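Below you'll find the structure, written out as structure tokens, and then a few comments.
Protein chains: 2
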Amino acid sequence: MKELVDYILQFGDLNKHQIDFITGKATMIELQKGAYFSEAGKIPTQVGFILEGVFRFCYYNNKGEEITHFFLDENNFVTDYQKFEANAVASEYAQAVTDTKLLVFSKKDWDEILNTVIGWDKIVAKIYKKCLIETIERRSPLVSEDATTRYLSFIEKFPNLVNRIPLSYVASYLGITQQSLSRIRKNIR
Amino acid sequence: MKELVDYILQFGDLNKHQIDFITGKATMIELQKGAYFSEAGKIPTQVGFILEGVFRFCYYNNKGEEITHFFLDENNFVTDYQKFEANAVASEYAQAVTDTKLLVFSKKDWDEILNTVIGWDKIVAKIYKKCLIETIERRSPLVSEDATTRYLSFIEKFPNLVNRIPLSYVASYLGITQQSLSRIRKNIR
DNA sequence: ATCGCTTTTTACCAATTGGTAAATATTTTC
DNA sequence: GAAAATATTTACCAATTGGTAAAAAGCGAT
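So the sequences go chain by chain: A and B.
Residue numbers for the first sequence follow the numbering used here, beginning at 392 and rising by one.
Residue numbers for the second sequence follow the numbering used here, beginning at 392 and rising by one.
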């Protein structure tokens, strides 16, 4: 629980009562590698805070290829927040890439926190904004660089991820085939 | 002014007094093609609402190449809002790609609106969030598609932009050279 | 240890994209 | 309108990346 509290308090102040109220709503769950936290076509019913493990968001392009949109690791919220907030169907899958442990909030509890804890909406908005900006900053350089540069900046940005996730996911994140990525790895060493 | 008011009211309700207060702070300015609205290394001092014309945000990568990050056209706010909000130096240039006409708010006036008009902060947050999400949705497909597909989806998403902006900007937006884009255009017709 | 399954590597060749340079078209300026 | 500046197209060849297929390596279950 400490991880969650520390994370939240980076974005705003809350008193002990408020913190207890929030953490009282959280449930610890575990998901096995490959399991989906939320799925495209379904309305996300939970927000999760990652304690252990890695998730990826992925979708399918018009050729039917599976594209990894981004990765999330420890101390991040995992959800399509826009869709969760609006009770709308998600367009992407959130899949556990490793065995994972997380704290989850149901939509009902989350709304109750929003209606109870003054300032919670602002904290959530800040967190969400930060996540969006990070996504842009991580994805944008991928457009204008060659594949080797993209891979190098990937392992720079996610040094603790590269050994935990399949090469094929990294390749689809970088927009190349896994064969190309394998070749790039070989050339680097 | 009507364009600005219509745009704002999409995101929340305001009464006539509030609207007058906000529009009273706006100044109309014109920028010539090529002029910068804000520059990397400088603290953005204004927010602008585009009435006419197109802007692009661009930066330089580590090879010194100029990369067009995204385009903005009519009825959008032009600013690095995160940096504007925080009085921090911008990391990108906001450049007029055509002659442009816009309504601008100074930082001082903008803060005054925030402190005066109840609900303005929420409207701004919504607008900003929408812009961030749009940026992600437009940029993400650029990573995993080939150059022709990227160009086709660009002209689909920005049908009214393609004839107004130089090919070289589009090329750097798509992450290819202008020669490649020229060749792609030729193959398409 | 062995089998079956998945992941990663390698190889071959085709297709795409980049680099450089020059030719053509278009726009600006006087 | 002519000259200058800028933007776009074309061409050539090199480098990168993709497609397909097969081999090798890693992993889990029995």
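Each residue gets a CB set at the ideal place from its N, CA and C atoms; glycine is no exception.
As the structure is a prediction and not an experimental result, all values here were calculated from the model.
List the residues of chain A that residue i touches, going by C-beta distances under 7 angstroms, in chain order.
{"i": "H460 (chain B)", "result": "S531"}
{"i": "Q473 (chain B)", "result": "I524"}
Run down chain A in chain order and give the residues with a C-beta less than 8 angstroms from the C-beta of residue i.
{"i": "S535 (chain B)", "result": "N452, E456, I458, S563 and G566"}
Can you pull the chain B residues whose beta carbon is under 8 angstroms from the beta carbon of residue i, in chain order?
{"i": "L523 (chain A)", "result": "K520, L523, I524 and I527"}
How would you list, in chain order, the residues of chain B whose beta-carbon sits under 7 angstroms from the beta-carbon of residue i?
{"i": "A516 (chain A)", "result": "A516"}
Below 8 angstroms on the Cβ atoms is my contact criterion, and I expect residue i with residue j to pass it. Report the Cβ-Cβ distance as a whole number of Å.
{"i": "W501 (chain B)", "j": "V438 (chain B)", "result": "6 angstroms"}
{"i": "S535 (chain A)", "j": "N452 (chain B)", "result": "6 angstroms"}
{"i": "V469 (chain B)", "j": "I434 (chain B)", "result": "V469 (chain B) to I434 (chain B), Cβ: 16 angstroms. No contact."}
{"i": "D490 (chain A)", "j": "S429 (chain A)", "result": "That belief does not hold up - the Cβ atoms of D490 (chain A) and S429 (chain A) are roughly 18 angstroms apart, past 8 angstroms."}
{"i": "N466 (chain B)", "j": "E394 (chain B)", "result": "6 angstroms"}
{"i": "R529 (chain B)", "j": "K548 (chain B)", "result": "6 angstroms"}
{"i": "F448 (chain A)", "j": "V488 (chain A)", "result": "The pair is not a contact, with the Cβ atoms about 11 angstroms apart (cut-off 8 angstroms)."}
{"i": "L572 (chain B)", "j": "A562 (chain B)", "result": "4 angstroms"}
{"i": "F402 (chain A)", "j": "I514 (chain A)", "result": "5 angstroms"}
{"i": "K499 (chain B)", "j": "F475 (chain B)", "result": "Not a contact, Cβ separation roughly 12 angstroms."}
{"i": "Y427 (chain A)", "j": "Q486 (chain A)", "result": "5 angstroms"}
{"i": "I413 (chain A)", "j": "V495 (chain A)", "result": "That belief does not hold up - the Cβ atoms of I413 (chain A) and V495 (chain A) are roughly 13 angstroms apart, past 8 angstroms."}
Per DSSP, which residues does residue i bridge with? Please list them.
{"i": "Y484 (chain A)", "result": "A:C449"}
{"i": "T568 (chain A)", "result": "The partner list for T568 (chain A) (beta bridge, DSSP) is empty, contrary to what the question assumes."}
{"i": "K492 (chain B)", "result": "B:E421 and B:E443"}
{"i": "S497 (chain B)", "result": "B:Q437"}
{"i": "V469 (chain A)", "result": "A:G439"}
{"i": "L463 (chain A)", "result": "A:F446"}
**Message:** At 4 residues or longer, what runs of the alpha helix (DSSP H) sit wholly inside the region 405-460 of chain A?
**Reply:** 407-415
Exercise. Taking only runs that begin and end inside the region 497-539 of chain B, name each unbroken alpha helix (DSSP H) of 4 or more residues, in chain order.
Key: 498-507, 511-530 and 532-535
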